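The sequence shown runs 258 to 358 under the numbering used here.
The structure appears right after this line, and notes come after that.
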Amino acid sequence: MPRLALLAVLAALFLPATAAGGNTQLFASVGPGFTISLMDADAYRVTQLSPGTYDIVIDDQADEHSFHLKGPGIDRYTDVSFVGTATWTVTLTDGSYTFFC
258 MPRLALLAVL
268 AALFLPATAA
278 GGNTQLFASV
288 GPGFTISLMD
298 ADAYRVTQLS
308 PGTYDIVIDD
318 QADEHSFHLK
328 GPGIDRYTDV
338 SFVGTATWTV
348 TLTDGSYTFF
358 C
């Protein structure tokens, strides 16, 4: 039994972070100021993703900017005046997506 527990712990260390629903989590940040980013669970900048369903946790700290994600079948954004945390579940397909203010 101890070997199984060790394998489970090792597997958890090397798998992408997943939310309660089993989706990979991504982390978006807006502000303070003019900064905007999208990171994976290891704090690496996201530049490419495989098609699939993701939970994006948005930490919006700027009341003069928003987080806007646009691509095939997706056009979602926080309100410019919104300050706080929001979580979106999105399904990405093959194609190009951009995030911006």
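The beta-carbon is built from N, C-alpha and C at its ideal position, and this holds for glycine as well.
Remember, predicted model here, so these are calculated numbers, not experimental data.
For residue i, three-class secondary structure by DSSP
i    : result
A298 : coil
F357 : strand
A366 : Residue 366 is absent from the model: the chain starts at 258 and stops at 358.
T281 : strand
L286 : The identity of residue 286 in the sequence shown is Ser, whereas the question assumes Leu. S286 falls in the strand class under three-state DSSP.
D351 : coil
D332 : strand
T346 : strand
T310 : strand
Supposed close pair residue i, residue j - CB separation, criterion 8 Å
i    : j    : result
S360 : V287 : The shown model of the chain, from 258 to 358, leaves out residue 360, and the question about it has no answer.
T350 : P308 : 5 Å
T346 : D312 : 5 Å
F291 : V314 : The pair is not a contact, with the Cβ atoms about 21 Å apart (cut-off 8 Å).
With 16 other Cβ atoms within 10 Å as the buried cut-off, status of residue i
i    : result
D336 : exposed
D332 : exposed
| said: Under 8 Å, with one C-beta from each stretch per pair, do the segment 331-348 and the segment 290-306 reach the 3-pair mark? | reply: Touching, no.
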